[in-house]
Amino acid sequence: MTSTLGIAVIGTGRMGTDHVRRIGRTVGGARVVAVADPDGDRVKEAVAGLEGVSAHTDAAAAMAAPGVGAVLIASPGPAHEEALLHALALELPVLCEKPLTPDPAGALRVLEAELRLGRKLVQVGFMRRFDAEYEGLRGLLDAGGIGRPLFLHCRHRNAASPSFFTNDMLISDSVVHEVDAARWLLGQEITAVTVLSPAPSAAAPQGLSDPRFVLLETSGGAIVDVEIFVNCGFGYQVQCEAVGEAGSARIGDGHAMVVQTRGRWGGEIAQDFLTRFADAYDRQVRRWVAAAARGRIDGPDVWDGYAAAAVSEAGLAAARSGTRTPVELVERPALYH
Ligand SMILES: NC(=O)c1ccc[n+]([C@@H]2O[C@H](COP(=O)([O-])OP(=O)(O)OC[C@H]3O[C@@H](n4cnc5c(N)ncnc54)[C@H](O)[C@@H]3O)[C@@H](O)[C@H]2O)c1
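First residue of the sequence shown: 213, per this note's numbering; consecutive thereafter.
Here it is as structure tokens:
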């Protein structure tokens, strides 16, 4: 017997609306049955034209709607903890957009709630793990294809930052992707963070210290550097070069079609993450749906979300103090080994 997993989507902004469309179009075995957003107009817009979806302004009401068997959280980071704890109390499988929580204290409260249940129900939306290029790089590193990794050189650029973007979000919302990718690619924890801030770009909104250069040290002795530049102007670009003892490998150059004409050559640069990572979001949600239907997860877990939040906290302290700041982690519980 096949059954369809009913999903409640919490937060219907840019990501939530994209996930609602994705579940309707490209993900089999699931359908959105309820959505919630405190912005009543937005929530109505998100479900316009969809049948059998109830619209709520309260997350708990959406999770209590008939037919809900799993929850996708796409509200802003500071709202995640409350929704996560509520979903865990209902024992519903969850896909939570990154960051799990902006701070490690909140992430630990989620971790403790999951530990009390004794099984993993929460997957974190670090979707780069589902991107074909990142998977290829991880496979190469795991197979020892370039020897022991020494460096990851990462670039994370957005054309322009949204009006609500803050200096803290540069670290806890943007660099957090590289933090998870580095932990996953290397199979190591991040142990210390240093943040350097050049004179801000003239294109950066007043008060935003953009770009920044973030140095991460890892438990295996590798160094990860991240250029974060969220007002670069020309497009959305995420690149990573791994340098090992026996070679190097690069992803994210975006070599789709190359056009040569009138004495010049070139190609297109994606303008946003929804385009660049469209396939990764699709694969992430498909695999989560398949796992959630069995009460499981299939991707980054609460420990990954907690570890990333701990690195963000150290990163925020490093940015304020201008000094190298160690990352503090609690002991990893057996559930997450
Ligand atoms: N994986 C990725 O590549 C990626 C990219 C962008 C954003 N994100 C993450 O997705 C999440 C949402 O980001 P966004 O860009 O869609 O933001 P957004 O501002 O476009 O949308 C957020 C929505 O959540 C609503 N909201 C606020 N408080 C809420 C609450 N308590 N309950 C339910 N809804 C609430 C807001 O009204 C808004 O409609 C964030 O965690 C963000 O970091 C992930």
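Even for Gly, the Cβ is constructed at its ideal location relative to N, Cα and C.
Just so it is clear, the structure is predicted and the values come from calculations on it, not from any experiment.
Are the Cβ atoms of residue i and residue j separated by less than 8 Å?
{"i": "C452", "j": "L364", "result": "yes"}
{"i": "S266", "j": "A276", "result": "no"}
{"i": "L327", "j": "L541", "result": "no"}
{"i": "A434", "j": "L398", "result": "yes"}
{"i": "V280", "j": "L304", "result": "yes"}
{"i": "T224", "j": "A258", "result": "yes"}
{"i": "F338", "j": "D392", "result": "yes"}
{"i": "V245", "j": "G264", "result": "yes"}
{"i": "I222", "j": "A271", "result": "yes"}
{"i": "G456", "j": "L329", "result": "no"}
{"i": "G464", "j": "A482", "result": "no"}
{"i": "V539", "j": "A521", "result": "no"}
{"i": "H268", "j": "V255", "result": "yes"}
{"i": "D484", "j": "Y448", "result": "yes"}
{"i": "R498", "j": "G511", "result": "no"}
{"i": "R369", "j": "D516", "result": "no"}
{"i": "F446", "j": "P423", "result": "no"}
{"i": "Y518", "j": "R234", "result": "no"}
Helix, strand or coil: which one does DSSP assign to residue i?
{"i": "F338", "result": "coil"}
{"i": "F425", "result": "strand"}
{"i": "P288", "result": "coil"}
{"i": "V542", "result": "coil"}
{"i": "V245", "result": "strand"}
{"i": "I358", "result": "coil"}
{"i": "V405", "result": "strand"}
{"i": "L217", "result": "strand"}
{"i": "L420", "result": "coil"}
{"i": "V283", "result": "strand"}
{"i": "A372", "result": "coil"}
{"i": "L413", "result": "Strictly speaking, residue 413 in this sequence is Ser, with Leu absent from that position. Looking at S413 - three-state DSSP - the assignment turns out to be coil, as it is neither helix nor strand."}
{"i": "T229", "result": "helix"}
{"i": "A299", "result": "helix"}
{"i": "A276", "result": "coil"}
{"i": "L329", "result": "helix"}
{"i": "H389", "result": "helix"}
{"i": "P314", "result": "coil"}
{"i": "D380", "result": "helix"}
Just list the residues that DSSP pairs residue i with in beta bridges.
{"i": "R367", "result": "E439, Q451"}
{"i": "T430", "result": "I402"}
{"i": "L307", "result": "L284, Q335"}
{"i": "H268", "result": "A248"}
{"i": "A461", "result": "A454"}
{"i": "T537", "result": "V405"}
{"i": "I222", "result": "A248, I285"}
Measuring straight from C-alpha to C-alpha, what distance separates residue i and residue j?
{"i": "A299", "j": "A325", "result": "10 Å"}
{"i": "A371", "j": "P410", "result": "18 Å"}
{"i": "T621", "j": "A295", "result": "A query on residue 621 cannot be resolved here, the shown segment of the chain reaching from 213 to 549 and no further."}
{"i": "A317", "j": "R532", "result": "19 Å"}
{"i": "T430", "j": "A248", "result": "39 Å"}
{"i": "M213", "j": "L382", "result": "A caution first: M213 carries a pLDDT of 45, below 50, which makes its placement in the model unreliable, though a value can still be read off. C-alpha separation (whole angstroms): 47 Å."}
{"i": "R360", "j": "E439", "result": "23 Å"}
{"i": "A505", "j": "L486", "result": "25 Å"}
{"i": "P288", "j": "D385", "result": "10 Å"}
{"i": "H389", "j": "E543", "result": "23 Å"}
{"i": "T216", "j": "R243", "result": "7 Å"}
{"i": "G357", "j": "Y346", "result": "14 Å"}
{"i": "H292", "j": "L312", "result": "7 Å"}
{"i": "T537", "j": "G527", "result": "7 Å"}
{"i": "R476", "j": "I509", "result": "48 Å"}
{"i": "H231", "j": "D251", "result": "17 Å"}
{"i": "D253", "j": "V306", "result": "25 Å"}
{"i": "C366", "j": "F425", "result": "10 Å"}
Does residue i come within less than 8 Å of chain D when only Cβ atoms are used?
{"i": "T313", "result": "Among the protein chains of the structure shown there is no chain D, as only one such chain exists."}
* To do: With a floor of 4 residues, list each alpha helix (DSSP H) that falls wholly inside the segment 468-535, ordered by position along the chain.
  => 485-488, 490-504, 514-533
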